[in-house]
Structure formats: structure tokens, C-alpha cells
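Q:
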């Protein structure tokens, strides 16, 4: 008996870990079940309370709600991908310079990311945040397919299904094309409606995923990224990922496959919009976008600068006047600064405190009339004048000021 204790310890550890993760995912169970029940009540007058299509449409609506919530993160992912693409020339320079020292290369690369405010992990956020929701929906449907021997009812995950056994039973019995939403392709007891519906959903899921990745690599990938060992790895993953999801799909309930297919269709449409309206510089999609802008009578560089300015939180005017055009990697020349005395004179004039005094100098005798404060415009033609505008402790001669500050005209 003492020998079996060390062998049974891992089982108790796994049980403790299972209860720990179950506690963590309880809020997600509540959220997922609550959204499903909410849309189920909305569609019940149209599709029927006990209809399997009611639950299927509710799962689709759940997917749409989640993807709408993730739109800000997707926008951040787009900007991060573009910024990382702009930084590729600098990263290649660092690789050439510090390729022999892996530690120094990593330090310099992270320093570059901090200086340019780039985050290479931002592109993974939407996928990482969808994973807990996927697991929660999986657990809700798996629980609905399992009958508790003590109560004789399906196992409920989530408060909104626990409080209404009738809804839980309806979810357990819901069917689409003769296949229950809680059933899986595998194990196969006999080939029937479950296997047919699951196979069609798996094919749709892998096809949309493959087309999305193919569209991304062919149209929105720079030519430099399509060369070298990294490009070979990307091509390998392009064909390997669909196979992985095929093997995963046979062990996933049909209801979760509805979620997955809807999410992939959303991603495909979203990717098409991004490639058409916000492509990466140096790609075929970017060249096509520039042609469309020119046909509309717009300057592609100005439009790109305005988009980058909006992404960085800058006003629209800054994008066209003196802004940094990151897409082309060209910085506009700095605006010339006025001398300090002139700038102080302009500010004082704007506040209405610019006092004018005139000293008339006769061209005939050369003697100035120091007590005269005359209007320079009243002088005869050809009479030279010198005006002084006191600004604080400064006294700025008019003949040294900027032309636009000249208030006197010789009549």
C-alpha cells in the first residue's frame, strides 16, 4: 500500500489542477452560457425554442459578438505588423552587425523595438484572447452532451444553464441536419449524419483558413520576406496548419465547429478588407492600392501619411505639413525658425502691445527730429525713414525686421 501512494500522488495533483482551472474558467462559463441563452431567447419566436438551428444561430451570434469586441486588438495588430515591416531593414542591419553575438543582437533588437514603440507580440493578442473563449464553449457543449448519473440531467457549465434545466436539456437534444451539436466526429460507431455534418464543417474550416493564409502570403507579403529559410518555413506552415486542424476537428463538437467556421469566415473577410485598404508597403497589394488612389486623383503618399498620423494619434494637418512619412522612410526638412527678437515682436504684436515710434530723418540736412512722432506714410516720396518698435527691453529697427512686419508704406 505504501508503494502505491507515490503512484497515486500525480492523480491527485491532476485532479487539483483540474479543479483549479475549472475555477478560473467559471466566469467565462457564465459569460458564454449567458450570451448563448440571450440569443436563444431572441431567436425563439422565429426559429422555435426547441430548434437546433436556434442554438446554432446563437453560437454564430456569440462568435460575431466576440469578434466585434476584438476589433480594437485587430487594428492594433495591423499597425504592429506594418511597423514591424518598416523596421525590417534596420533589423537586417543589426543582424549583419551583431550576427556573431546572439546576446548582443537580442539586446539591440529589443532596444530598437523600444525606441520605435513596436511590439512583435501584438499580432498574437487576438488569437490568444480567443483561446479561453474557445475552451469555455467547448466545455459548455461537452457538459451538455454528458448525462449526470445522479441527477439524470446533462452536466451544466455556467450559471445561466444551471438555473434552467429545460434550456440545458434543449441544448443537449439540439440537432442540425440530424446531428447533435454536442456530438463529435470521433469515435465512429457507425457512419451517419454526425460524421457527414462534422466532415463538411471541418472541410469548410480548413478551406477558409488555407485561403486566408494564401491570400496573406501572396498579396500582402514583401518580396524580401518571400526569400530565404524563413519563407520556406512559412510555406511549410501554410500546408501544415490545415492538416493539424483536421486532426483537431474530429475531436471537437459540431457546435464548436460552428464557432470555428464562423470565426474563420470573419477572419477571411477582415483580411480581405485590410489587404485592399491598408496593405503593407512594398507588396503587390500596396502597388494596387497606389494605382487606385491615383485613379481617384489622390496622392498615395499623402493618404499614407494621414493614415499613419491617425494611427499615432496626430492631427491630420501634421500628416501633410512636416510629418514623418514612415511608409517611405523619408523625413521632411525641419521648418526654419525665426530669430528670437522677431518672434518676440510677433507675439507682442498679436497681444496688441506693439508700440510704434517714428523718427524722421531728413535726407537734406541729416539732422533727426528726435521729438517728432510722425506717421511715416505722411513723408514726401523718397524721404528715408527709420522706425523703431520697442518690445520689452528690445528696440527692433524696422529695416531689419521681416517684410510681413512692415507697417509703413512710402506714399
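In the numbering used here, the protein residues as written are 3 to 413. Cβ coordinates follow ideal geometry from the N, Cα and C atoms, glycine included. These numbers were taken from a predicted model, which means no experiment stands behind them.
Look up residue 184 in the DSSP assignment and say whether it is helix, strand or coil.
A: For this step, residue 184 is matched to residue 182 along the chain shown. Coil, per DSSP.
Q: Classify residue 182 as buried or exposed, calling it buried when 16 or more other Cβ atoms lie within 10 Å of its own Cβ.
A: Within the chain shown, the letter at position 180 stands for residue 182. Under this definition residue 182 is a buried residue.
Q: Can you give me the C-alpha to C-alpha distance between residue 276 and residue 104, rounded to a whole angstrom?
A: As a first step, residue 276 is located in the chain shown; it is residue number 274 there, counting from the start. As a first step, residue 104 is located in the chain shown; it is residue number 102 there, counting from the start. When rounded, the distance between both Cα atoms is 35 Å.
Q: In whole angstroms, what is the alpha-carbon distance linking residue 146 and residue 68?
A: Position 144 of the chain shown, counted from the first residue, corresponds to residue 146. Position 66 of the chain shown, counted from the first residue, corresponds to residue 68. Roughly 22 Å between the two C-alpha positions.
Q: For residue 29 and residue 160, I'd like the C-alpha separation in whole angstroms.
A: On the chain shown, position 27 is the one that residue 29 refers to. On the chain shown, position 158 is the one that residue 160 refers to. Taking the straight line from one Cα to the other gives about 8 Å.
Q: With a threshold of 16 other CB atoms inside 10 Å of the CB of residue 251, please say whether the residue is buried or exposed.
A: Counted from its first residue, the chain shown places residue 251 at position 249. Classification for residue 251: buried.
Q: Under the three-state reduction of DSSP, which class applies to residue 151: helix, strand or coil?
A: Taking the first residue of the chain shown as position 1, residue 151 is located at position 149. Of the three classes helix, strand and coil, the one that applies to residue 151 here is coil, per DSSP.
Q: Checking the sheet assignment: what are the DSSP bridge partners for residue 177?
A: One-based indexing of the chain shown puts residue 177 at position 175. According to the DSSP secondary-structure assignment, residue 177 is paired through a beta bridge with 182.
Q: How about residue 200 and residue 259: are their beta carbons less than 8 Å apart?
A: Locating residue 200 in the chain shown gives position 198, counting from the first residue. Locating residue 259 in the chain shown gives position 257, counting from the first residue. Their beta carbons are under 8 Å apart, which means residue 200 touches residue 259 by this criterion.
Q: What's the C-alpha gap between residue 204 and residue 221?
A: Walking along the chain shown from the start, residue 204 turns up at place 202. Walking along the chain shown from the start, residue 221 turns up at place 219. When rounded, the distance between both Cα atoms is 26 Å.
Q: Inspect the beta-carbon positions of residue 34 and residue 158 and report whether they are closer than 8 Å.
A: Here residue 34 refers to the residue found at position 32 of the chain shown. Here residue 158 refers to the residue found at position 156 of the chain shown. It is not a contact, given that the beta carbons lie outside the stated cut-off.
Q: Just reading off the alpha helix (DSSP H) that residue 101 is part of, what are its end residues?
A: By one-based count along the chain shown, residue 101 stands at place 99. Premise fails: residue 101 is in no alpha helix (DSSP H) and is neither H nor E.
Q: Among all the DSSP beta bridges, which residues are the ones paired with residue 255?
A: In the chain shown, counting from the first residue as 1, residue 255 sits at position 253. Partner(s): none; residue 255 has no beta bridge.
Q: Rank 40, 283 and 264 by C-alpha distance to the C-alpha of residue 432 and give the top, closest one.
A: One cannot answer for residue 432 here, as it falls past the ends of the chain, which runs 3 to 413.
Q: With contact counted as at least three CB pairs below 8 Å, one residue from each stretch, are the region 80-96 and the region 111-126 in contact?
A: yes
Q: Closer than 6 Å by C-beta to residue 286: which residues in its own chain qualify, once you throw out the five before and the five after it? Chain order, please.
A: For the purposes of this step, residue 286 is identified with residue 284 of the chain shown, where counting begins at 1. So the list reads 221, once near-sequence residues are dropped.
Q: In the DSSP assignment, find the alpha helix (DSSP H) that holds residue 292 and state where it starts and stops.
A: Here residue 292 is taken as the residue at index 290 of the chain shown, counted from 1. First-last of the alpha helix (DSSP H) with residue 292: 286-297.
Q: Are the beta-carbon atoms of residue 257 and residue 209 separated by less than 8 Å?
A: Position 255 of the chain shown, counting from 1, holds the residue named residue 257. Position 207 of the chain shown, counting from 1, holds the residue named residue 209. No, they are not a contact pair.
Q: Roughly how many whole angstroms lie between the Cα atoms of residue 1 and residue 235?
A: Residue 1 is absent from the model: the chain starts at 3 and stops at 413.
Q: Applying the 10 Å Cβ sphere with the 16-neighbour rule, what's the burial state of residue 415?
A: Because the chain in this structure spans residues 3 to 413, residue 415 falls outside the shown range and cannot be described.
Q: Using a Cβ-Cβ cutoff of less than 6 Å, which residues in the same chain neighbour residue 270 once the five nearest sequence positions on both sides are dropped?
A: The count along the chain shown starts at 1 and reaches residue 270 at position 268. Excluding five sequence positions before and after residue 270, the CB atoms of its chain that fall closer than 6 Å to its own CB belong to 210 and 214, given in chain order.
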